[in-house]
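The numbers in the sequence shown follow numbering that gives the first Met the number 0, run straight up by one, and end at 169.
Don't be surprised by glycine CBs; every beta carbon is placed ideally from N, CA and C.
Below you'll find the structure, written out as structure tokens, and then a few comments.
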Amino acid sequence: MTRARRFAILALVVLVGALGVRACRHGNTLLRLAWPPEDLYDELGSAPIDVARAGSSVELVVVPKYAGSHDVDVHFPGKLALDGSLSWRLRVEVEVLDEAGRVLVRSQPEGSPYWAGTSGSGLNFLRTEGDSEWRPGSSYRVRLTVIEPDGELVEKYGAATVRVDKGPDE
Numbered sequence: 000m001t002r003a004r005r006f007a008i009l010a011l012v013v014l015v016g017a018l019g020v021r022a023c024r025h026g027n028t029l030l031r032l033a034w035p036p037e038d039l040y041d042e043l044g045s046a047p048i049d050v051a052r053a054g055s056s057v058e059l060v061v062v063p064k065y066a067g068s069h070d071v072d073v074h075f076p077g078k079l080a081l082d083g084s085l086s087w088r089l090r091v092e093v094e095v096l097d098e099a100g101r102v103l104v105r106s107q108p109e110g111s112p113y114w115a116g117t118s119g120s121g122l123n124f125l126r127t128e129g130d131s132e133w134r135p136g137s138s139y140r141v142r143l144t145v146i147e148p149d150g151e152l153v154e155k156y157g158a159a160t161v162r163v164d165k166g167p168d169e
């Protein structure tokens, strides 16, 4: 074996080792991205909510199975159209509380929400980032309260449902 070939093999072994050490530090995330569990994005909880009435509130108790970002969405039976035909007045406040009742995350009832759902049937009002808010196996209360109602959404798309699920890890 030539000296250059030995050097190339040694360099490859060192590179693979370095990548292995890095993967160990971020192993859970890397493995989850490569081979996600079938239930990774399953709904953690859902309940109907009247988005046409100010003060309407839903509280869900959820126990996440996986760390990472999580979403709180309001979904409708049909696909939402962003064609300018609706006023999109709906504003909500979302709170995530731990088992002791401490508020971990509180959203502000502001601006247009994000699009949610693969079918485009929902509006995302909260996406927590990273592992800090959601520890797998711990119980959390997620409370969504309608601040500014939007009866027009209900008339056009039907009854709304609050849904909590695992969000994407980027």
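For the alpha helix (DSSP H) holding E37, just list the boundary residues, first then last. Here residue 37 is taken as the residue at index 38 of the sequence shown, counted from 1. Unbroken run through E37: none, as it is neither H nor E.
Take every Cβ of the segment 120–140, pair it with every Cβ of the segment 68–87, and state whether three or more of those distances are shorter than 8 Å. By the Cβ test, the segment 120–140 is in contact with the segment 68–87, since at least three Cβ pairs between them sit closer than 8 Å.
Please classify G136 as buried or exposed, where buried requires at least 16 neighbouring CB atoms within 10 angstroms. Residue 136 sits at position 137 when you count from the first residue of the sequence shown. Exposure of G136 is indicated by the presence of fewer than 16 other C-beta atoms within 10 angstroms of its C-beta.
Spatial distance of R162 from V71 (CA atoms): Position 163 of the sequence shown, counted from the first residue, corresponds to residue 162. Position 72 of the sequence shown, counted from the first residue, corresponds to residue 71. Between the C-alpha atoms of R162 and V71 there is a straight-line separation of about 6 Å.
Measuring only the C-alpha atoms, how far is D38 from G166? On the sequence shown, residue 38 is found 39 positions in, with the first residue counted as 1. On the sequence shown, residue 166 is found 167 positions in, with the first residue counted as 1. C-alpha separation (whole angstroms): 12 Å.
Of the listed residues P35, S45, R101, A99, nearest to L143 (C-alpha basis): What you label residue 143 is simply residue 144 of the sequence shown in a count that begins at 1. Per the Cα distances, S45.
Please report the distance separating the alpha-carbon of V95 from that of R126. The residue you call residue 95 lines up with position 96 of the sequence shown. The residue you call residue 126 lines up with position 127 of the sequence shown. So the two alpha carbons sit approximately 11 Å from each other.
Assign V60 to one of two classes, buried (16 or more other C-beta atoms within 10 Å of its C-beta) or exposed (fewer than that). Here residue 60 is taken as the residue at index 61 of the sequence shown, counted from 1. Exposed is the call here.
Rounded C-alpha distance that separates V153 from L14: The residue given as residue 153 occupies position 154 in the sequence shown. The residue given as residue 14 occupies position 15 in the sequence shown. One C-alpha to the other measures close to 57 Å.
Residues that I146 bridges to, as DSSP identifies them: Numbered from 1 along the sequence shown, position 147 holds the residue referred to as residue 146. Answer is none; I146 lacks a bridge partner.
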